[in-house]
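Trainee: Just so you know, the sequence shown maps onto residues 1 to 92 in the UniProt record's numbering.
We treat Cβ as the ideally placed atom computed from N, Cα and C, and that holds for glycine.
Note that the coordinates shown come from a computational prediction; the quantities given were computed from them, not determined experimentally.
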Amino acid sequence: MTLASARHILVDSEEHCLELKKQIESGADFAQVAKDHSTCPSGQAGGELGEFGPGMMVPEFDTVVFSAPVNTVQGPVQTQFGYHLLEVTSRT
């Protein structure tokens, strides 16, 4: 079974998500941006979600995590929870 580790930032609007993505692409630290802005409890851990397999996250999330290149920021990805920036940190 394929497993992935990822981190994310959850916010309430696509605009906010795009602003944060620009900051990260300009050199801001993903983990610090997550701590400062994410509304998910994982934000306090830099957005770290740990390791998980397909089907353990919502479908929109899974689609990106199991297809996107590792170590690139993806998003905004809209789910029932809001808008996410995702970064796959490993996949085996």
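Keeping to the same chain, check which residues put their C-beta closer than 7 Å to that of Glu48; ignore five residues upstream and five downstream.
Mentor: These residues qualify, in order along the chain: Arg7 and Ser42.
Trainee: Quick check: the segment 12-32 against the segment 83-92, are there 3 or more CB pairs under 8 Å?
Mentor: Yes: the two stretches touch, three or more of their Cβ pairs being nearer than 8 Å.
Trainee: Express the C-alpha separation of Met1 and His37 in angstroms, rounding to a whole number.
Mentor: Their Cα atoms are separated by approximately 33 Å.
Trainee: In chain order, what residues of the same chain have a beta carbon less than 8 Å from the beta carbon of Gly50, not counting five sequence neighbours either side?
Mentor: Counting only Cβ-Cβ distances below 8 Å, and skipping sequence neighbours, we find Ser5.
Trainee: Could you give the DSSP three-state label for Phe66: helix, strand or coil?
Mentor: Of the three classes helix, strand and coil, the one that applies to Phe66 here is coil, per DSSP.
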